[in-house]
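**Student:** Protein chains in written order, with the working numbering: chain A, 1 to 201; chain B, 1001 to 1201.
For each residue, glycine too, the CB sits at the ideal point set by N, CA and C.
Protein chains: 2
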Amino acid sequence: MADKSNTQEKIIESATVLFLEKGFHRTSVRDIASRAKINISLMNYYFRSKEILFETIIDLLIGGAVSSLKEILDSDLDLNEKIRQYINKYIDLLISNPLLVSFVLAILNHSPDKISKLKVTDSLYNTEKFANQLDEENSKGNIRKVDPEQFYLNMLSLIAFPFAVKHVINEKNNFSNEAFNDFIIKRKDIIYNTLISSIKP
Amino acid sequence: MADKSNTQEKIIESATVLFLEKGFHRTSVRDIASRAKINISLMNYYFRSKEILFETIIDLLIGGAVSSLKEILDSDLDLNEKIRQYINKYIDLLISNPLLVSFVLAILNHSPDKISKLKVTDSLYNTEKFANQLDEENSKGNIRKVDPEQFYLNMLSLIAFPFAVKHVINEKNNFSNEAFNDFIIKRKDIIYNTLISSIKP
DNA sequence: GTCTATACGGCGATAGAC
DNA sequence: GTCTATCGCCGTATAGAC
């Protein structure tokens, strides 16, 4: 049994640093092994493949954040307040993990069959309660009629896409990482106002 | 000399099919060579690398579409009409090349240093005239004050992001490719209305 | 110029000895 | 649990035939 989970931890620690630094494709299992000072094949012993190791790390990184996003969506909050909180929490999550969007998109692109297995994409499903709430608010005359699926996609697009093109934004505007974060934080209000004004009766 | 450009064309034809079918990472140069019935090293002879071949194909696929997008943005059209045309043309382009967004994001993620060399990303730069137009319309009192950079990013996000998560959307809603296209075409109006209502005074 | 054959170093993964 | 050895791929480079 020896060090039990110590080796596993070393792999995760090293892999996390490298994945965050260079992304999935540019990090090799040999890189990970040499940084963790372990034998290459131990990576395959503890995790069955590089991809599973990667997904494990993603899930660890974002922790309960994704499920708390789902909680907001499923809560009984007032519609406006729900949208506000959802945007804020999502953007905070992505600011803490700026490569998350690219990672998830890379996986979706690389192995589309694994979509439903990814915990990260959980938040994209089960938007039923939110959809019902939009329908109800409309029938009360509080908001315009909207396709909930389209509205939710609008919200997601406005929140997530900028992180997918972070490099382009930074290069175009000569942004540092800090300047990018400032730019993104300003988006909290912008996205909220954009979404709300689009459903105002 | 033989068939002159015939070999080159065969490579491009085969590679296009495979890239569109399986994406960049899952297509090997050996796949391409065997499908084109040519020697592996000819790929390196005509194109210097797999990546350059890929970029060449992307540029061929989207042809003048990207530059015509830039033309719209730089035109003297009325703001509303400009936004409308830009959305419509962009979405038509992406419907014709549904993998384009994923491809570009994959390249951005894989080799961020090549951003400015990609012709496809040209459309993301030089939005100066559009920015000025937004400022002018605001000073005339026709629209609310907006950060042009944020507004343009909103537009781009709403247009492009859905294509990056096409697989998820299709799986969630049990969409066929046709149903996805219908869903996207409906977005032309939705995106227009969302953007316009966000700047209405 | 065009093409073939072949080889190089690196990759992710695995079988099997200890 | 750990390590060595090795497998079958990959993208790329090059020597040399036509």
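(1) Measuring only between beta-carbons, confirm whether B/P1098 sits less than 8 Å from chain A.
(2) I'd like to know whether the C-beta atoms of B/G1064 and A/N109 end up nearer to each other than 8 Å.
(3) Could you list which residues in chain B have their beta carbon closer than 7 Å to that of A/Y125, in chain order?
(4) Can you pull the chain A residues whose beta carbon is under 8 Å from the beta carbon of B/G1023, in chain order?
(5) Strictly under 8 Å for the Cβ-Cβ distance: is B/I1190 near chain A by that measure?
(6) Mark A/M1 as exposed unless 16 or more other C-beta atoms lie within 10 angstroms of its C-beta, in which case mark it buried.
(7) In terms of residue numbering, what span does the alpha helix (DSSP H) encompassing B/T1056 cover?
(8) Checking contacts by CB at 8 Å: is A/A277 closer than that to chain B?
(9) Leaving out five residues before and five after B/S1041 in sequence, what residues of the same chain have Cβ atoms less than 8 Å from its Cβ?
(10) Is the beta carbon of A/T127 closer than 8 Å to that of A/Y86?
(11) Using DSSP with H/G/I as helix, E/B as strand and the rest coil, what is A/Y125?
(12) What does a CB cutoff of less than 8 Å around B/D1003 pick up in its chain, not counting 5 residues either side in sequence?
(13) Are the Cβ atoms of A/T7 and A/F19 separated by less than 8 Å?
(14) Who are the neighbours of A/A160 on chain B, taking C-beta pairs under 9 Å?
(15) Within the 8 Å Cβ cut-off, does A/E149 reach chain B?
(16) Does any residue of chain A bring its CB to less than 8 Å from the CB of B/V1168?
(17) Find the residues of chain A that neighbour B/T1121, judging by a C-beta separation of less than 8 Å, and give them in chain order.
(18) DSSP three-state call for B/P1162: helix, strand or coil?
(19) Using a Cβ-Cβ cut-off of 8 Å (strictly less than) and excluding sequence neighbours within five positions of B/L1079, which residues of its own chain qualify?
(20) In angstroms with no decimal places, state the Cα-to-Cα distance between A/E178 and B/E1013.
(21) Look at A/I66 and A/D122 and say whether their C-beta atoms are less than 8 Å apart.
(22) Between the C-alpha atoms of A/K188 and A/L195, what's the straight-line distance to the nearest angstrom?
(23) Alpha carbon to alpha carbon, what distance is there between B/D1113 and A/A98?
(24) Determine the direct distance from the alpha carbon of B/F1183 to that of A/N88, and round the result to whole angstroms.
(25) How many Å lie between B/A1131 and B/N1154 at the Cα?
(26) Residues of chain A with a CB under 8 Å from the CB of B/K1186: which are they?
(27) Using only the alpha-carbon positions, how far apart do A/P162 and A/S34 sit?
**Tutor:** Answer, in terms of the structure:
(1) Cβ-Cβ to chain A under 8 Å: no for B/P1098.
(2) Contact: no.
(3) The contacting residues are K1172.
(4) The contacting residues are N109 and H110.
(5) B/I1190 has a beta carbon lying within less than 8 Å of a beta carbon in chain A.
(6) Residue placement at A/M1 cannot be trusted, given a pLDDT of 40 that sits under 50; the coordinates are not used to answer.
(7) Taken as a continuous stretch (DSSP letters only), the alpha helix (DSSP H) holding B/T1056 covers K1050 to I1062.
(8) Nothing about residue 277 of chain A can be read from this structure; chain A reaches only from 1 to 201.
(9) If we look at B/S1041 and ignore the five residues flanking it on each side, it has no Cβ neighbours.
(10) In this structure, A/T127 does not lie closer than 8 Å to A/Y86 by Cβ.
(11) When secondary structure is reduced to three states using DSSP, A/Y125 falls in the coil class, being assigned neither helix nor strand.
(12) At B/D1003, the pLDDT of 43 sits below 50, so the modelled position is not reliable; the number obtained from the coordinates is stated separately. Annotation for B/D1003: no residue places its beta carbon closer than 8 Å to its own, counting only its chain and skipping 5 residues before and after.
(13) No, the Cβ-Cβ distance between A/T7 and A/F19 is not below 8 Å.
(14) Taking a Cβ-Cβ cut-off of 9 Å, the neighbours of A/A160 in chain B comprise S1157, F1161, A1164 and V1165, given in sequence order.
(15) With 8 Å as the cut-off, A/E149 counts as an interface residue toward chain B.
(16) Answer yes: the Cβ-Cβ gap between B/V1168 and chain A drops below 8 Å somewhere.
(17) Identification of chain A residues near B/T1121 by a Cβ-Cβ cut-off of 8 Å yields V168, ordered along the chain.
(18) Assigned with DSSP and collapsed to three states, B/P1162 falls in helix.
(19) Shown here for B/L1079: same chain residues with a beta carbon closer than 8 Å to its own, the five before and five after excluded, namely Q1133, L1134, E1137, N1142 and I1143 in chain order.
(20) A direct Cα-Cα distance of roughly 44 Å separates A/E178 from B/E1013.
(21) The sequence given here places Val at residue 66 of chain A; Ile does not occur at that position. Their beta carbons are under 8 Å apart, which means A/V66 touches A/D122 by this criterion.
(22) Whole-angstrom Cα-Cα distance: 11 Å.
(23) Looking at the sequence provided, one finds Pro at residue 98 of chain A rather than Ala. Rounded to the nearest angstrom, the gap between the Cα atoms of A/P98 and B/D1113 is 18 Å.
(24) Rounded to the nearest angstrom, the two C-alpha atoms are 27 Å apart.
(25) Spanning the two alpha carbons is a distance of roughly 13 Å.
(26) Per Cβ cutoff of 8 Å: D147 and Q150.
(27) One Cα belongs to A/P162, the other to A/S34, and the distance between them is close to 34 Å.
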